[in-house]
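Just so you know, we're using our numbering here: the sequence shown kicks off at 22 and counts up by one. Data first, discussion second: the structure below is written as structure tokens.
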Amino acid sequence: MGDFLRPEVRAFFWRWREVLMACVVLILGIWWAATGVGINVWLGYIFCAIGIGWGVAAIQRARFAQDGDGPGVVQIRERRLAYFGPLDGGIIDVADLSKLEIDPTSYPDPSWVLTSIEGQVLTIPINAKGAEDLFDVFAALPDIKTNTVLDVLSHTPDARVTVWSRVKPLLH
Numbered sequence: 022m023g024d025f026l027r028p029e030v031r032a033f034f035w036r037w038r039e040v041l042m043a044c045v046v047l048i049l050g051i052w053w054a055a056t057g058v059g060i061n062v063w064l065g066y067i068f069c070a071i072g073i074g075w076g077v078a079a080i081q082r083a084r085f086a087q088d089g090d091g092p093g094v095v096q097i098r099e100r101r102l103a104y105f106g107p108l109d110g111g112i113i114d115v116a117d118l119s120k121l122e123i124d125p126t127s128y129p130d131p132s133w134v135l136t137s138i139e140g141q142v143l144t145i146p147i148n149a150k151g152a153e154d155l156f157d158v159f160a161a162l163p164d165i166k167t168n169t170v171l172d173v174l175s176h177t178p179d180a181r182v183t184v185w186s187r188v189k190p191l192l193h
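If you want it as structure tokens, here you go:
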């Protein structure tokens, strides 16, 4: 059964699977709202709201995801981000992040450049295995605009771009 679809088509459906599931929930909600009786009508409205909210978030995740064939592996455990690459790597706490940049000039692939408060720099290729999980980490950063991240990612710039930075608190 795995040979039924070409690998490109399978990869497309896998990347957009969450959007497709949100559409199924939305269609079920519309059907229940239109044909239901009593509480099923209200359940249909609730399913519609869930489907729409889930669909918006799923579209953002699908836009962020890359092919995953790049060098290295990304792991996120208890708000600690780890990258294990063939030449470099490191571990950084998400709470210690002070700057997020994208560097399109890095070799072999464009990379996320994460800088901590202490100055530690962690460079992660955008297509490393597990890099799609970075979307949830980036979305949790204070005052980040996810649309800005997605726009920079889809329209690769010519030079390094700062996507987010933390405002340093004043001492007095």
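Even for Gly, the Cβ is constructed at its ideal location relative to N, Cα and C.
- Taking 8 Å as the cut-off, the Cβ atoms of I113 and L135 count as close.
- In this model, A180 and I147 are separated by some 15 Å (Cα to Cα).
- A103 places its beta carbon 8 Å or farther from that of E153.
- Around the beta carbon of I123, 16 or more other beta carbons sit within 10 angstroms, so the residue counts as buried.
- Beta-bridge annotation (DSSP): S137 is paired with L118.
- For R100, the CB contacts under 6 Å within the same chain, skipping 5 residues up- and downstream, are V115 in chain order.
- Collapsing the DSSP output to three states places I165 in coil.
- For P107 against G93, the beta-carbon gap comes to about 6 Å, under 8 Å, which counts as contact.
- Runs of the beta strand (DSSP E) lying entirely within the segment 38-104 and spanning at least 3 residues, in chain order: 94-98.
- For L155, there is no enclosing beta strand (DSSP E); the residue is found in the alpha helix (DSSP H) stretching over 155-160.
- When DSSP states are grouped into helix, strand and coil, P125 belongs to the coil group.
- Annotation for A32: no residue places its beta carbon closer than 6 Å to its own, counting only its chain and skipping 5 residues before and after.
- The alpha carbon of S186 has as its nearest neighbour, out of K166, S132, W75, G110, the alpha carbon of K166.
- The beta-carbon separation of V170 and V184, rounded to 5 Å, stays under the 8 Å limit for a contact.
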